[in-house]
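At position 37 of the sequence shown the residue is numbered 37 (the working numbering), and the sequence of numbers has no breaks.
For every residue, glycine included, the Cβ atom is placed at its ideal position computed from N, Cα and C.
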Amino acid sequence: MTEEDASPTGRQRQLPVFHCPYCGDEELTPHGDGGEWHCAACLRTFTVRLTGTGVQA
Numbered sequence: 001m002t003e004e005d006a007s008p009t010g011r012q013r014q015l016p017v018f019h020c021p022y023c024g025d026e027e028l029t030p031h032g033d034g035g036e037w038h039c040a041a042c043l044r045t046f047t048v049r050l051t052g053t054g055v056q057a
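Printed below as a string of C-alpha cells:
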C-alpha cells in the first residue's frame with residue numbers, strides 16, 4: 001500500500017503489507033522497485049494502492 005507524502009515533490013512512501021490478499025499468508029517480500037510484493041506461499045506478485053480513506057476533507 002502506498003500513501004502520498006505531503007511533500008511538494010509528490011514522492012510516495014511505502015507502507016507495510018501484513019498478509020497476502022489472495023491466500024492470507026504472511027511470508028511476503030518486496031519485489032521490484034514499483035511497490036510490488038511477492039508471496040512465497042502462493043507465488044503471486046501484487047501491489048496494493050490506497051485510493052482513499054472515506055473521510056471528507
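Tell me, to the nearest whole angstrom, how far the beta carbon of P21 is from that of F46; I am working on the premise that it is less than 8 Å. The pair is a contact, with the Cβ atoms about 7 Å apart (cut-off 8 Å).
Taking the alpha-carbon positions, what's the L28 to V48 distance? Taking the straight line from one Cα to the other gives about 13 Å.
What is the rounded straight-line gap between the Cα of R44 and the Cα of L50? Cα to Cα, R44 sits roughly 20 Å from L50.
Tell me which same chain residues have a C-beta within less than 6 Å of the C-beta of H38, skipping the five on either side of it? Once the five neighbours on either side are set aside, the close Cβ partners of H38 are T29, H31, T45.
According to DSSP, H31 sits in a beta bridge with which residue or residues? Its beta-bridge partners are E36.
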